[in-house]
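Q: This is the structure, below, for whatever I ask next.
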């Protein structure tokens with residue numbers, strides 16, 4: 001008597017079917033990695049552009065403050081009225097800090113280029129992030145200290161006998177004010193670089 005139950009027949013999967021499935025999976029993975037790498041490469045390019053902008057701002061602050069010197073036209077044989085950036089320690093610290101920031105930005109450009117070529121390299125981004133955080137504190141402190149002196153130069157302080165010298169040394173005050181603005185721009189760009197690097201590292 002014949003068995004009425006149905007018999008399941010296993011059909012082995014052909015090699016061509018396995019190959020096709022593997023190829024589709026590999027193509028999907030490659031496409032996803034390319035899309036992710038393209039996003040990280042775009043962030044790295046933006047990072048490089050921001051570093052050039054910060055370099056221009058820091059160099060402008062350094063050269064402007066470092067070449068600020070004004071002598072009033074009226075002086076006698078014994079007295080000469082002159083204002084120079086190195087008369088005040090805060091301005092000297094400002095020049096040194098922005099010069100260090102400029103040097104660091106120049107050295108960081110090759111690493112930023114490596115980040116464009118290899119967008120998945122997390123070690124380079126982490127190194128730049130650490131140094132960027134240090135430079136945020138450094139440039140912010142220098143700009144804040146110089147800004148306090150610029151404020152006193154413009155407005156004075158009668159309680160401490162600080163006289164507003166900008167009415168006499170107008171060119172001097174304009175140059176130091178411009179240098180402080182440039183330094184704050186560099187500091188804000190450093191802050192943005194830190195945020196950008198943190199986002200890129202979080203997406204790894």
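Numbering (full-length UniProt numbering), first residue to last: 1 to 204. Glycine included, C-beta positions come from ideal geometry on N, C-alpha and C.
Under three-state DSSP, which class holds residue 121?
A: Stepping through the chain shown from its first residue, residue 121 is reached at position 121. Here residue 121 sits in coil by DSSP.
Q: Tell me the residue span of the alpha helix (DSSP H) that contains residue 157.
A: On the chain shown, residue 157 is found 157 positions in, with the first residue counted as 1. Where residue 157 is concerned, there is no enclosing alpha helix (DSSP H), given that its DSSP letter is neither H nor E.
Q: Buried or exposed for residue 170, going by 16 or more other Cβ atoms inside 10 Å?
A: In the chain shown, counting from the first residue as 1, residue 170 sits at position 170. Residue 170 is exposed by the Cβ-count criterion.
Q: Are the stretch 172–183 and the stretch 146–158 touching by the rule of at least three beta carbon pairs closer than 8 Å?
A: yes
Q: Rounded to whole angstroms, what's the CA-CA distance from residue 39 to residue 107? Just pull it up for me.
A: Within the chain shown, residue 39 is the residue found at index 39, counting from 1. Within the chain shown, residue 107 is the residue found at index 107, counting from 1. Taking the straight line joining both Cα atoms gives about 25 Å.
Q: For residue 162, which residues does DSSP report across the bridge?
A: Locating residue 162 in the chain shown gives position 162, where the first residue counts as 1. Answer by DSSP bridge pairing, in chain order: 157.
Q: Identify which residue in 114, 87, 57, 60 has its Cα closest to the Cα of residue 70.
A: As a working mapping, residue 70 is identified with position 70 in the chain shown. For residue 70, the closest C-alpha among the options 114, 87, 57, 60 is that of 87.
Q: Just the Cα atoms here: how many angstroms apart are residue 189 and residue 67?
A: For the purposes of this step, residue 189 is taken as residue 189 along the chain shown, with counting starting at 1. For the purposes of this step, residue 67 is taken as residue 67 along the chain shown, with counting starting at 1. Computed Cα separation, rounded: 24 Å.
Q: According to DSSP, which residues form a beta bridge with residue 44?
A: Walking along the chain shown from the start, residue 44 turns up at place 44. Residue 44 is not bridged by DSSP to any residue.
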